[in-house]
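Structure record follows, encoded as structure tokens.
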Amino acid sequence: MVVLNKKSFTLPRVEREHFVRLMRLGVEYDRDKGTFSIASFDNIEAILDSISNILNDEILFLQNCLICDNDFPCSECNYPEFCETKNLPFQCVCPQCLKNRKIPQQKLF
Amino acid sequence: MTINDEAMWVEKYRPKTLDDVVDLTHIIENLKAFLKNPHSMPHLLLAGIPGTGKTTVAICIARELYGDKWKSFTLELNASDERGINTVRDRIKDFSRYGRTGFGEAPYSLIILDESDQMTGPAQTALRRIMETSSRTSRFILICNYSNKIIEPIQSRCAIFRFSKLDKCAMVEHLKKIAKQENLRLLDEAAERIVEYSEGDLRHAINALQTTAAYQKDVIDEKTVLQVFGEASPRQVQLMINKALSGNFVEARKMMYNLIGQYGFSGSEIVRQMQRELMKIAYIPDNEKAELTNIIGEYDYRLTQGANSDIQLSALLAQFSKFGK
Amino acid sequence: MIKDLLWVEKYRPKKISDVVGNELAKTKFIDWLKKKNRRKKAVLLYGPAGVGKTALVNAASNQFNFTIIEMNASDTRTEKTINKVGKPATSFIALDRFSSESKGNILFLDEVDGVFGQQDRGGIKAIINIVKQSLIPVVMAANDTDQKKLRPLKKVCQLIRFHQVRIPLIITTLQKICSAENIEAEFEALERIAQNSQGDMRSAINDLQSTSEGKEILTLQDTMLLRTRNKDIGMYETLRGVFSAESVGEAAIMLSRSNVNYDDFLLSISDNLPFRYPESADLATAYDMVSKADVFRGRVGTENWHLLRYFFNLLAKATTVSPKSFKPFDFISPPIRVMSLFWTKNKRMKLENICAKIALKCHVSRNTAKTDIVPFVKIMLEKQKSSKIVSWLKLEPDDLDYLIKMNKL
Chain W
0 MVVLNKKSFT
10 LPRVEREHFV
20 RLMRLGVEYD
30 RDKGTFSIAS
40 FDNIEAILDS
50 ISNILNDEIL
60 FLQNCLICDN
70 DFPCSECNYP
80 EFCETKNLPF
90 QCVCPQCLKN
100 RKIPQQKLF
Chain R
0 MTINDEAMWV
10 EKYRPKTLDD
20 VVDLTHIIEN
30 LKAFLKNPHS
40 MPHLLLAGIP
50 GTGKTTVAIC
60 IARELYGDKW
70 KSFTLELNAS
80 DERGINTVRD
90 RIKDFSRYGR
100 TGFGEAPYSL
110 IILDESDQMT
120 GPAQTALRRI
130 METSSRTSRF
140 ILICNYSNKI
150 IEPIQSRCAI
160 FRFSKLDKCA
170 MVEHLKKIAK
180 QENLRLLDEA
190 AERIVEYSEG
200 DLRHAINALQ
210 TTAAYQKDVI
220 DEKTVLQVFG
230 EASPRQVQLM
240 INKALSGNFV
250 EARKMMYNLI
260 GQYGFSGSEI
270 VRQMQRELMK
280 IAYIPDNEKA
290 ELTNIIGEYD
300 YRLTQGANSD
310 IQLSALLAQF
320 SKFGK
Chain U
0 MIKDLLWVEK
10 YRPKKISDVV
20 GNELAKTKFI
30 DWLKKKNRRK
40 KAVLLYGPAG
50 VGKTALVNAA
60 SNQFNFTIIE
70 MNASDTRTEK
80 TINKVGKPAT
90 SFIALDRFSS
100 ESKGNILFLD
110 EVDGVFGQQD
120 RGGIKAIINI
130 VKQSLIPVVM
140 AANDTDQKKL
150 RPLKKVCQLI
160 RFHQVRIPLI
170 ITTLQKICSA
180 ENIEAEFEAL
190 ERIAQNSQGD
200 MRSAINDLQS
210 TSEGKEILTL
220 QDTMLLRTRN
230 KDIGMYETLR
240 GVFSAESVGE
250 AAIMLSRSNV
260 NYDDFLLSIS
270 DNLPFRYPES
280 ADLATAYDMV
290 SKADVFRGRV
300 GTENWHLLRY
310 FFNLLAKATT
320 VSPKSFKPFD
330 FISPPIRVMS
340 LFWTKNKRMK
350 LENICAKIAL
360 KCHVSRNTAK
370 TDIVPFVKIM
380 LEKQKSSKIV
390 SWLKLEPDDL
400 DYLIKMNKL
């Protein structure tokens, strides 16, 4: 199980064919830093699959908490069996903020 | 018949003297008696169905009293256009201050207040006071559709003249006269059809005639008339009412949607038209008209409560369709 | 007891950022709206009920100031609807040219998967036709997530997928509402409501309200009675439910369980009444109820929520006037509102000005000018554009143009 941060992650040497595929799916590569990041979420599931194949392992992305802005993994969450978008890097609330009954500062309604 | 250059025939052929007014002989006789002694003329209340000559008579009186420059001595107001009694009062005050107060035999100016039954009770009470305070310098001619909507104190201060539906033959004759002046060949059945659909409203009939002329045919036949009426709204409102009363709710409602969609009428405007057209419908006896008017009033009130026009109008039409059965 | 299900209305998202979850879908939708990467002029938002599809469309229209024209996707219904207001389908498209006040119009077809259910594929064809004919962008929404069924539409529209809203997000939203409503809720209670909702934000909020009604503290115990709601009670189900109900109470409960928007629902009931009640007497009674409900809705406005129980009561009465006479019928939905779109403030003002000119010349009130004279003048000018009337009334060229176009709609 590999946990990645969608804003910046590394991969071992990638074959050209896979690389091109990733770019097409919406992944970006920073040559200076040698890191990948997800630019577009249009094909997020395909991206996951692809990277999973490359790494030959299950891939998880960190979630971003919309209240405290920290990144956290789904494994810390209490509701895995209810979630349709597990491990996909979408908006969420981290267990700490949830437990502390925090609500977003900006006027939601 | 007097002719002038006005583009719309309702104006071009509007009678200038009382004698020319169509089919109102008994009213004319009485008015002439008043006009013989202008300084003893009271305030007047002209009441009745639309298009039967009330405004025309008022203007003719003005001409009788003041001649060609009658406009300088007459203030024409419309209660539904003015934003309330204060505006009316202001305009009357300004007029008495700056307008000329009298001419010859008539030591007063004339104030014609149209659609006075659109004024609320309190507004009318205020109007009565205005009438009183300006009675030395002004005479009022109040015009309305429903005289029972005018408060008692005003009614008792006026000489009331009731205008009823114009006689069909007289209307046909008048249309034919106009057609002749306009070099149109108007077939008998076309004229009769126009008169029939106008239900006693001469303004309506003349407008319809002028519209048929716009089709630019040499001969105005019944077919053209039917085309015109197919497209014009007062007839649509009549048809809508008829359909509702005969139990055909869905068709009536379709017509109502058309009125909103095609003409942009608001709910209140359609209700107003219904009141007016209802008055004209011959086959409904008066007591039923009164009941229907009450029903309309109820839904008119609900409209003012800020409700949806199409729902309230649909509900109104539904009550009509139940009534009809 | 009829519940005031108002929080879904009170806290309805007004801007896009208010819509919780599905940020990928939101981004794609906004891009499509702004014509970035717009490959197709239609877009299909699909996903479970209550996750924010319609909410997003409404919030976007609010934020970007465009007008939503809603129509029913079903072929026959659309045709019937258009015919019922007496206009051919193509003139509908012309509406777009007249609304220069808003930034544009969007055609919204909700519940398009109602059409997929048909055996024949006529429904899909009809939708594709509508999209092809439309000169304005088209947004569609569907609850069905079966990709296979949706594939035929890919030809004409971009598919945007909506997911269930994540539990933590739902809990947080519920928490926010509780704060606003001064309710102290046990965390476990909110948790339970969120879990029970299966990712449906709308029903989560409804459940929150129904379990905390009249309480200052909400305990886990209070939520134990929640049964899994039927999330898909949309307009059709609700209409069917209330019209076929056998008593006022049954209809009222149906209403309180439903997720429909009240204003739309009121209009839908009004539209459908004559088909439920062929008898004039019944129809009149039912309409009187609906009319009163409408007045109440107006009185409720945005503050007097306690009056809404009367609103529900009256609607329930309207739909159960003579329960025994119920026969199934085809519903009209969504409500027929298309035709008044032309009458924007500008257009009304123009008409008022023209009426004022006529009023002056013909010694009538502006109202009378509008109802008695304009209809004829319209036709006169249409047949003879050069008529003397134009100069007599001092009509500007665009006044003339406007009057003539008015007739053609």
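Each protein sequence line maps, in turn, to chains W, R and U. In this text, residue positions in the first sequence follow numbering that gives the first Met the number 0: the first is 0, and each later residue adds one. In this text, residue positions in the second sequence follow numbering that gives the first Met the number 0: the first is 0, and each later residue adds one. In this text, residue positions in the third sequence follow numbering that gives the first Met the number 0: the first is 0, and each later residue adds one. All C-beta atoms, glycine included, are put in the ideal place defined by N, C-alpha and C.
Quiz prompt | Range covered by the beta strand (DSSP E) that runs through R:Ile-110 | solution = Annotation for R:Ile-110: the continuous beta strand (DSSP E) segment containing it runs 108 to 113.
Quiz item: DSSP three-state call for R:Thr-51: helix, strand or coil?
Solution: coil
Quiz item: Apart from the five residues just before and just after U:Gln-194, which ones in its own chain have a Cβ nearer than 8 angstroms to its Cβ?
Solution: Ile-166
Quiz prompt | Enclosing alpha helix (DSSP H) for U:Arg-275 [first to last residue] | solution = 261 to 275
Quiz item: Name the chain R residues that come within less than 9 angstroms of U:Ile-353, Cβ to Cβ?
Solution: Correct list: empty, because the minimum Cβ distance to chain R is about 12 angstroms.
Exercise. Please look up how many angstroms separate the CB atoms of U:Ile-442 and R:Ala-6, rounded, as I've assumed it's under 8 angstroms.
Key: Lying outside 0 to 408, the shown extent of chain U, residue 442 of chain U is not represented and no answer is given.
Quiz prompt | Beta-carbon proximity check, R:Ser-146 vs R:Ile-129, cutoff 8 angstroms | solution = Contact flag unset, no.
Quiz item: For the stretch 24 to 37 of chain U against the stretch 315 to 328 of chain U, are there 3 or more C-beta pairs whose distance is under 8 angstroms?
Solution: By the Cβ test, the stretch 24 to 37 of chain U is not in contact with the stretch 315 to 328 of chain U, since fewer than three Cβ pairs between them sit closer than 8 angstroms.
Quiz item: Taking the runs of the beta strand (DSSP E) that are 3 residues or longer, which of them lie wholly in the stretch 100 to 181 of chain R?
Solution: 108 to 113, 137 to 143 and 157 to 162
Self-check item: Where R:Ala-105 meets chain U, residues with beta-carbon distance less than 7 angstroms
Solution: Per Cβ cutoff of 7 angstroms: no residues; R:Ala-105 is ~20 angstroms from chain U at best.
Quiz item: Taking the alpha helix (DSSP H) that R:Tyr-298 falls in, what are its first and last residues?
Solution: According to the DSSP assignment, R:Tyr-298 belongs to the alpha helix (DSSP H) that extends over 285 to 303.
Quiz prompt | Residues bridged to U:Phe-330 (per DSSP) | solution = For U:Phe-330, which the question treats as bridged, DSSP gives no partner whatsoever.
Quiz item: What distance in whole Å lies between the Cβ atoms of R:Ala-317 and U:Leu-282, which are believed to be in contact at a cut-off of 8 angstroms?
Solution: 5 angstroms
Quiz item: Under the three-state reduction of DSSP, which class applies to R:Tyr-282: helix, strand or coil?
Solution: DSSP places R:Tyr-282 outside both helix and strand once states are collapsed to three, so it counts as coil.
Quiz item: Is there a Cβ from chain U that is less than 8 angstroms from the Cβ of W:Arg-30?
Solution: no
Quiz item: Whole-angstrom Cβ separation of U:Ile-135 and U:Phe-107, contact assumed at under 8 angstroms?
Solution: Not a contact, Cβ separation roughly 10 angstroms.
Practice problem: Can you give me the start and stop residues for the beta strand (DSSP E) that U:Ala-141 sits inside? | Solution: 137 to 141
Quiz item: Nearest chain U C-beta to R:Gly-47 closer than 8 angstroms, yes or no?
Solution: no
Self-check item: Contact list for R:Arg-62 against chain U, beta-carbon separation under 9 angstroms
Solution: Correct list: empty, because the minimum Cβ distance to chain U is about 13 angstroms.
Quiz prompt | Residues of its chain near R:Phe-33, where Cβ-Cβ distance is below 6 angstroms and the 5 sequence neighbours each way are ignored | solution = Non-local beta-carbon contacts of R:Phe-33 in its own chain, meaning distances under 6 angstroms to residues more than five positions away in sequence, involve Met-40 in chain order.
Quiz item: Any residues in the stretch 348 to 377 of chain U with a beta carbon nearer than 9 angstroms to a beta carbon of chain W? Which ones, in chain order?
Solution: none
Exercise. In the DSSP assignment, find the unbroken beta strand (DSSP E) run with W:Cys-96 in it and report its ends.
Key: From DSSP, W:Cys-96 is part of no beta strand (DSSP E) but of the alpha helix (DSSP H) over 94 to 98.
Self-check item: Chain-order list of residues whose beta-carbon lies under 8 angstroms from that of W:Leu-61 (same chain, five-residue window excluded)
Solution: Val-2, Leu-3, Asn-4, Lys-5, Asp-70, Phe-71, Pro-72 and Pro-88
Self-check item: Closest Cα partner of U:Val-259 within the set U:Val-376, U:Met-234 and U:Ser-390
Solution: U:Met-234
Self-check item: Cβ of U:Leu-168 within 8 angstroms of any chain W Cβ
Solution: yes
Quiz item: By how many angstroms is the C-alpha of U:Met-379 removed from the C-alpha of R:Phe-228?
Solution: 12 angstroms
Self-check item: Reference R:Gly-120; option with closest CA among R:Ile-142, R:Ile-140 and R:Pro-152
Solution: R:Pro-152
Quiz item: Span of the alpha helix (DSSP H) holding U:Val-373?
Solution: 373 to 382
Quiz item: Do R:Lys-53 and R:Leu-45 have their CB atoms nearer than 8 angstroms?
Solution: Taking 8 angstroms as the cut-off, the beta carbon of R:Lys-53 is found closer than this to the beta carbon of R:Leu-45.
Self-check item: Spatial neighbours of W:Asn-63 in its chain, beta-carbon cut-off 6 angstroms, leaving aside the 5 residues before and after
Solution: Asp-70
Quiz item: Are the C-beta of U:Trp-31 and some C-beta of chain R separated by less than 8 angstroms?
Solution: Residue-level contact check: U:Trp-31 does not touch chain R, since none of the beta carbons of chain R fall below 8 angstroms from its beta carbon.
Exercise. Provide the residue(s) that pair with U:Ile-159 in DSSP beta bridges, ordered along the chain.
Key: Among the bridge pairs identified by DSSP, U:Ile-159 is matched with U:Leu-44.
Quiz item: Under the three-state reduction of DSSP, which class applies to W:Tyr-28: helix, strand or coil?
Solution: If DSSP states are grouped into helix, strand and coil, W:Tyr-28 belongs with the strands.
Quiz item: Which bits of chain U does W:Glu-83 rub up against, with CB to CB less than 7 angstroms?
Solution: His-162, Gln-163 and Gly-198
Quiz item: Which residues in the same chain have their Cβ closer than 6 angstroms to the Cβ of R:Ile-310, if we skip the five residues on either side of it in sequence?
Solution: none
Quiz prompt | Per DSSP, cross-strand counterpart(s) of W:Val-2 | solution = W:Leu-59
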